[in-house]
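Visitor: Quick one: the structure is below, questions incoming.
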Amino acid sequence: MAVKGLYEFLAEANEIVDVLGRDLLTLERARGSSGQPYLVNGIFRAAHSLKGLASMFGQDAISQLAHRCEDLLDNVRLGRLELSEAVLNALIDSVDFFQETLDELAHNTPTTGTAQRAKLLAEKLEQFSATSKPDHRGLLDELALEPQLRDVLTEYEEHRIAENLRQGIKLWRVGASFALSDFDQGLSKLSAAMRGIGEVISTLPALSANDGDGIAFEVIVGTNVGEDRLRLALKGLPASLSELRRRQAENVDSEPPALPTARTAIEQATPELSLAVPEAPSTSPAPPPQPERSLRSLTQTVRVDIRRLDALMNSVGELLLTKSNIQRIADAARHGGSRPVSTLWGQELYRESRTLERRLDELRKGILEARMVPLSQIFDKLARLVRRIAGESGKEIDFSISGGEVELDKLIVEELSDPLVHIIRNAIDHGIEMPEVRQRRAKPRRGRVAVRAMQRGNQVVIEVSDDGLGLDHARIREVALRRGILPPEQINEMNPREVQNLVFLPGISTAPKVSELSGRGVGLDVVKTNIARMAGTIDISSEASKGSTFTITLPETLAIIRALVVRSAQRTYAVPLDSVIEVVAAEITEIRIVERRETIAIRGRAVPLIRLAKLLGLSPGDQKRQYIVLVGVGQQNFGIGVDELLGQQDIVIKSLGETFQNLPGVVGATDLGNRITALVVDLIALLESVINSERRSQFL
Amino acid sequence: MSRFNRLLERFFYHPEEEGTEGLEASLGPETLGAAGVTESADYYLGFVLESQSYAVPIYEVREIVRARILTEVPGGPKDVIGILNLRGEILPVYNVKPRLRLSAVTPQLAGPTADLNTIPKPARILVVHGRNCDCGIFVDKVIGVIRLRRSEIESPSSGFDNERDCVLGSVRLDDSVVMLLNVNLVVE
């Protein structure tokens, strides 16, 4: 199969599977399908689309399983099958299978047994055969519905009408006629208005004779909001309203109690999305822990609101205008011959260049916005992950998400997925206790894991908290001592906060046993490094037996940052300003040597000094004067010596690519203008790597 | 005023800056192999390293730019001279001469000792499609587009050095031998 086709298939299939997963979990939370016809219908259509898409691209395993799902869901939506927990579980397992298979395709790592697994899942789905077809005829016959209309109704629509009747929901007929030229718009407006307050069951062309230049429809709506509210919703639309009553008189047998229509459950964007994860069914054995899969997107696509793109086009248009103006001015000077360069001409040029600057800034902001995606992209996937991990570990977890609407640059969101997965796995594996243990400790049986995102200025803060065991300070100290991470006196003198931050050092794990990913002590240091790569920070706070909270702080966008431009060893470098505490100038005479290390006094305190050239493995020059860039690593400040300060500017960090994977401290490269391309250096990472290697050599 | 004029000149776009002028100058008429036109042929881009001729399949070459100052990356892989900023994209530029056992001298294109005057005028940087990412290859001179038929290509005989596993084959052209290279292996 052509690679190009595969990419497009993956992008589209991924979206469908994401929606499927999310909607199935919503259904699970709502405990059943009654009152959720849109959702069930939506899932049914998604399975259908996936089946068609997969078969078009020759993905038979996916296509066949999707077909089984579609059949199952058809039975559900027609009322022939109850959406029980077992059925839901089987469907969610199928979604997991789809996701894994897509992953394998994306990374070109096929596993044997894919066809087998698909077959097993398909058989499981087939087990849920439909119960006998419910008989709607009785109920529908009672309605005052013309035979011609009645005949045209599909099985689905009949089922929905019967369902509504059974639940005691009133049925209405909304008639509307539109001009032929724009009836589709009018009809969508009408449907949208109705969908907001009830269920649109059926849309049919009206029976009354249509005008030559118009077309009339009848929409059957189920809702209990009351006639006044309905009329209000229909205001402004060319519609008529009448209730669809039963033909017989009022002596119908008692209606079933009207169940509350959980319409709000269908509405989008509930601020808090809570997911109660059910216990693993006791009959089936706990599934073997699956190898951890990354939650990163399989494709590098971003959905952009077209209005953002329109705004960008406008910006570009404005830019072209400004460029023309500047070109005109320059042309005049070029061909002016003997005409002197006047102040007026200079002012004109200056004005245009200021306009250029403003327009470029607008363009930059517009493009940055286009790259932003909501965090819910990752959060939704986390929900499925939590469900699986909880099932594997036998723990009961209440997982809540908030702040999914907060937007971040797509690159950052992608980079976040692995660290978040790791932290959450940690929280569930080592933080949350088993249900019995929790009950004994007078804690609620279900553990709570929460992910919260919020915007703070131009930073985004993400908190992952659990109400489990919390960090065991004594154990951490013990492990740190045993592994010789730091000298004993230092460890014993640490305050609780410093002890907590020890977990971010490689090799520290207080887990009694090793699980698939966590427990080996290689996790949290990698998490910290990954987050530092995004110019972010991570912090942990914890209270024994009450729980822990990880707090990740990130800049909104990775792409453009303010940097200090410096020269060292005759080369130019850019240093992100975020990490710089301050810069001072120093004469060479002020540098002292203490214990074979250079130090310098800054406002009375001695700060260790190290030349940037030395950090990069280059030979330092012998300038009379050094500029000291002060940075903080942990609790300690360090001075980095550079030869020259060239100024500050906004830079766009470009990645160096895969060739330069393991260079500590080199974050990327940037174009400084004037045809100088400089490396962007993360001083803190550079320092840390040098310090760590020194420490290691001391202890080995 | 002359300094001002010079500044103005830089403001206006010069297409020849991108090195196409160099390529057009070095492209002669298409060089054909010995036999007729009946057999299907592949196109290669020929270049010179240390007076030895090489060629790579033309579809692997993205573009050709004039040699220019690169940015050094301390601690990077040995055969990487530095990085090139190609219209906003950062690409590593390789010196493949050591790999092909031609010379141990690195062209002075990066770092404080970089000096374009030490680089011969015909030198170019070939931007090629590598396995994982695009990259640049420093060459002393670009010969041009060569059209070869499969029958003309001799597979590497045992007489050649086995280290040169990046050689796909060789071809006789006029009175010189052109070695066909596999780009991916050369920049590994």
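Here the protein sequences come in this chain order: A and B.
Going by numbering that gives the first Met the number 0, the residue at position 666 of the first sequence is 665; the numbering climbs one at a time, nothing skipped.
Going by numbering that gives the first Met the number 0, the residue at position 56 of the second sequence is 55; the numbering climbs one at a time, nothing skipped.
All C-beta atoms, glycine included, are put in the ideal place defined by N, C-alpha and C.
A quick note: this is a predicted structure, and the numbers were derived from the prediction, not measured.
Does Q299 of chain A get closer than 8 Å to chain B when you measure Cβ to Cβ?
Guide: Not one chain B Cβ lies under 8 Å of Q299 of chain A.
Visitor: When you compare each of A:E435, A:L104, A:L119 to Q63 of chain A by their alpha carbons, which one comes out closest?
Guide: Considering only alpha carbons, the answer is A:L119.
Visitor: Taking C-alpha atoms, which residue in A:R595, A:L644, A:Y572, A:E597 lies nearest to L678 of chain A?
Guide: Residue A:Y572 is the option with its Cα nearest to L678 of chain A.
Visitor: Check G168 of chain B in the structure and name its three-state DSSP category.
Guide: If DSSP states are grouped into helix, strand and coil, G168 of chain B belongs with the strands.
Visitor: Distance, Cα to Cα, E368 of chain A vs S154 of chain B?
Guide: Going by the C-alpha atoms only, they are around 54 Å apart.
Visitor: Any residues in the segment 129 to 153 of chain B with a beta carbon nearer than 8 Å to a beta carbon of chain A? Which ones, in chain order?
Guide: Result list: N131, C132, C134.
Visitor: To the nearest angstrom, how far is it from the Cα of Q126 of chain A to the Cα of G78 of chain A?
Guide: Those two C-alpha atoms are separated by around 17 Å.
Visitor: Can you name the residues of chain A whose CB is closer than 7 Å to the CB of P106 of chain B?
Guide: Chain A residues near P106 of chain B: none, gap ~17 Å exceeds 7 Å.
Visitor: Give the secondary structure of G197 of chain A by DSSP, where H, G and I count as helix, E and B as strand, and everything else as coil.
Guide: Reduced to three states, the DSSP call for G197 of chain A is coil.
Visitor: Can you find the residues in the same chain that come closer than 6 Å, C-beta to C-beta, to I650 of chain A, ignoring five residues on each side of it along the sequence?
Guide: Closer than 6 Å at Cβ, skipping near neighbours: A562, A573, T669.
Visitor: Give the secondary structure of V276 of chain A by DSSP, where H, G and I count as helix, E and B as strand, and everything else as coil.
Guide: Residue placement at V276 of chain A is flagged as unreliable, the pLDDT there being 40, under the threshold of 50; a coordinate-derived value is accordingly withheld.
Visitor: Checking 8 Å against the spacing of the C-beta atoms, do V224 of chain A and G197 of chain A come in under that value?
Guide: Contact flag set, yes.
Visitor: Could you check the C-alpha separation between V72 of chain B and L645 of chain A for me, to the nearest Å?
Guide: For V72 of chain B and L645 of chain A, the distance between alpha carbons rounds to 20 Å.
Visitor: Since I160 of chain A and L139 of chain A should fall inside the 8 Å C-beta cutoff, what is the C-beta to C-beta distance between them, to a whole number of angstroms?
Guide: Sure, about 6 Å apart at Cβ, within 8 Å.
Visitor: Along the chain, where does the alpha helix (DSSP H) containing H429 of chain A start, and where does it finish?
Guide: No alpha helix (DSSP H) holds H429 of chain A; DSSP gives it neither H nor E.
Visitor: Would you check if the distance between the CB atom of S540 of chain A and the CB atom of D465 of chain A is smaller than 8 Å?
Guide: Not a contact, by the Cβ cut-off of 8 Å.
Visitor: Return the CA-CA distance between F216 of chain A and S180 of chain A, expressed in angstroms with no decimal places.
Guide: Approximately 15 Å, taken between the alpha carbons.
Visitor: Do you know offhand how far K527 of chain A's Cα is from E657 of chain A's?
Guide: Straight-line Cα distance between these residues: approximately 20 Å.
Visitor: What did DSSP end up calling R307 of chain A once you bin it into helix, strand or coil?
Guide: Reduced to three states, the DSSP call for R307 of chain A is helix.
Visitor: Enumerated in chain order, which unbroken segments of the beta strand (DSSP E) with a length of 3 residues or greater are wholly contained in the segment 394 to 431 of chain A?
Guide: For the segment 394 to 431 of chain A, whole beta strand (DSSP E) runs of length 3 or above, ordered along the chain, are 396 to 401, 406 to 408.
Visitor: What number of angstroms, rounded off, separates the C-alpha of T552 of chain A from the C-alpha of S544 of chain A?
Guide: Computed Cα separation, rounded: 25 Å.
Visitor: Who are the Cβ neighbours of R245 of chain A in its own chain at under 8 Å, not counting the five residues just before and after it?
Guide: For R245 of chain A, where only same-chain residues beyond five positions count, the Cβ hits under 8 Å are E141, L142, A143, V251.
Visitor: At least one CB of chain A closer than 8 Å to the CB of I82 of chain B: is that the case?
Guide: It does: the Cβ of I82 of chain B has a partner Cβ on chain A nearer than 8 Å.
Visitor: Straight-line CA distance for N494 of chain A to H472 of chain A?
Guide: Taking the straight line joining both Cα atoms gives about 10 Å.
Visitor: Report the rounded CA-to-CA distance for S150 of chain B versus I136 of chain B, giving the unit in angstroms.
Guide: Roughly 28 Å between the two C-alpha positions.
Visitor: In the structure shown, what three-state DSSP assignment does V94 of chain A receive?
Guide: Of the three classes helix, strand and coil, the one that applies to V94 of chain A here is helix, per DSSP.
Visitor: I'd like to know whether the C-beta atoms of L147 of chain B and V170 of chain B end up nearer to each other than 8 Å.
Guide: In contact: L147 of chain B and V170 of chain B (Cβ atoms closer than 8 Å).
Visitor: Looking at the C-beta of P76 of chain B, does it have a partner C-beta in chain A at a distance below 8 Å?
Guide: True, the Cβ-Cβ gap to chain A drops below 8 Å.
Visitor: Any beta-carbon of chain A closer than 8 Å to the one on N161 of chain B?
Guide: Only weak support is given to the placement of N161 of chain B: the predicted model assigns it a pLDDT of 45, under 50, and the value that follows is read from those uncertain coordinates. Chain A contact via Cβ: absent.
Visitor: Please confirm whether L381 of chain A and V301 of chain A have their CB atoms less than 8 Å apart.
Guide: Not in contact: L381 of chain A and V301 of chain A (Cβ atoms no closer than 8 Å).
Visitor: Check for me: the beta strand (DSSP E) holding M178 of chain B runs from which residue to which?
Guide: M178 of chain B -> beta strand (DSSP E) spans 175 to 180.
Visitor: Counting pairs of beta carbons, one from the segment 73 to 82 of chain B and one from the segment 92 to 109 of chain B, are three or more of them closer than 8 Å?
Guide: The segment 73 to 82 of chain B, when compared against the segment 92 to 109 of chain B, does touch it at the 8 Å Cβ threshold.
Visitor: Along the chain, where does the alpha helix (DSSP H) that runs through N673 of chain A open and close?
Guide: Looking at the DSSP string, N673 of chain A is not in any alpha helix (DSSP H), and its letter there is neither H nor E.
Visitor: Using a beta-carbon distance cut-off of less than 9 Å, what residues from the segment 564 to 582 of chain A approach chain B?
Guide: Those would be A568, Q569, R570, T571, in chain order.
Visitor: Give the residues of chain B in contact with A677 of chain A, contact being defined as C-beta atoms less than 7 Å apart.
Guide: Going along chain B in sequence order, the residues near A677 of chain A (Cβ under 7 Å) are T70.
Visitor: Return helix, strand or coil for E62 of chain B, following the three-state DSSP convention.
Guide: E62 of chain B falls in the strand class under three-state DSSP.
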